[in-house]
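See below for the structure under consideration.
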Amino acid sequence: MNQDFKVYLRLIAYLKPYWGVALLVLIGFGINSATEVSVAKLIKFIIDAIQSGSRSDLDWFPLLIILLVFFRGLGLFMGGYYTAVISRSLVFSIRQEVYAKLLRLPAQYYLDNSSGHITAKIMYNVEQLTAASSESLRVIVRDGMITLGLLGYLFYTNWRLTLCVFVFLPVIGVLVRKASKRMRKLSLQVQDTMGDVNHVVQESINGNAVVKTFAGEESEQERFYKSSEENLKRGLKMVIVQNLNS
């Protein structure tokens with residue numbers, strides 16, 4: 001069992017109090033996926049009606065389009081809002097546990113780690129972990145439903161063409177797996193560089209009198225610039241991998 005899957009299993013355990021909200025997420029994205037599949041069917045009807053010259057059939061299409069847009073928006077709102085409810089609740093719960101754990105760690109831990117990195121763990125790392133997990137869950141549920149619906153419609157329309165699509169699934173799976181590993185590595189690097197940024201800021205604030213005494217403003221500015229630049233580079237690499245994987 002790979003590390004990513006273990007992390008997701010641990011996060012799923014936190015979802016137990018929110019199964020009702022998760023059901024609303026499924027309903028919302030289910031409505032959205034149904035409208036996406038309906039668009040494909042509607043386009044076929046429009047083309048057939050234009051080719052046949054049936055004016056009476058075309059009169060209904062504006063109303064159908066309005067209804068599709070309405071229910072698509074409703075589904076996206078429900079799915080997106082209740083996903084955010086779960087995400088923010090997870091941030092709250094995990095942050096409480098992390099803080100409780102920090103309070104009980106031995107003094108040696110605080111000697112071995114800078115205050116900036118410790119602060120980043122509870123403020124930034126928890127936020128990023130739950131945000132990435134909730135985004136993955138949202139994409140899996142929403143896009144998964146849309147994909148299954150479109151594949152079902154495609155299989156109903158032309159099963160031979162659908163089988164050709166399945167030939168490429170193993171290749172796509174390998175690419176997604178490699179991209180996920182790269183994303184995890186970059187995510188850890190972003191968390192570390194964010195800890196460096198916090199460390200520089202806290203040192204300059206706590207030692208502000210010393211910085212002013214020795215005219216170290218430019219030196220501290222340079223330290224902050226370098227740590228922020230490193231965080232920027234890692235963050236942009238994550239964006240590249242994320243978009244290539246989408």
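In this text, residue positions in the sequence shown follow my numbering: the first is 1, and each later residue adds one.
Don't be surprised by glycine CBs; every beta carbon is placed ideally from N, CA and C.
Around the beta carbon of PHE77, fewer than 16 other beta carbons sit within 10 angstroms, so the residue counts as exposed. The C-beta distance from GLY75 to GLY28 rounds to 5 Å, short enough to meet the 8 Å contact threshold. For GLY216, the three-state secondary structure derived from DSSP is coil. Annotation: the continuous alpha helix (DSSP H) that includes ILE94 extends over 61 to 103. By the C-beta criterion, the region 42 to 49 is judged not to be in contact with the region 94 to 105, since fewer than 3 inter-stretch pairs fall below 8 Å.
DSSP, reduced to helix, strand and coil, places GLY30 within a helical segment of the structure shown.
A Cβ-Cβ separation of about 4 Å places SER134 in contact with SER87 under the 8 Å criterion.
In the structure shown, the three-state DSSP call for TYR14 is coil. Annotation: the region 180 to 241 contains the following complete segments of the alpha helix (DSSP H) (minimum length 4 residues), in chain order: 208 to 213. Residue state for SER114 is assigned as coil, using DSSP reduced to three classes. Around the CB of GLY20, fewer than 16 other CB atoms lie within 10 Å, so the residue is classed as exposed.
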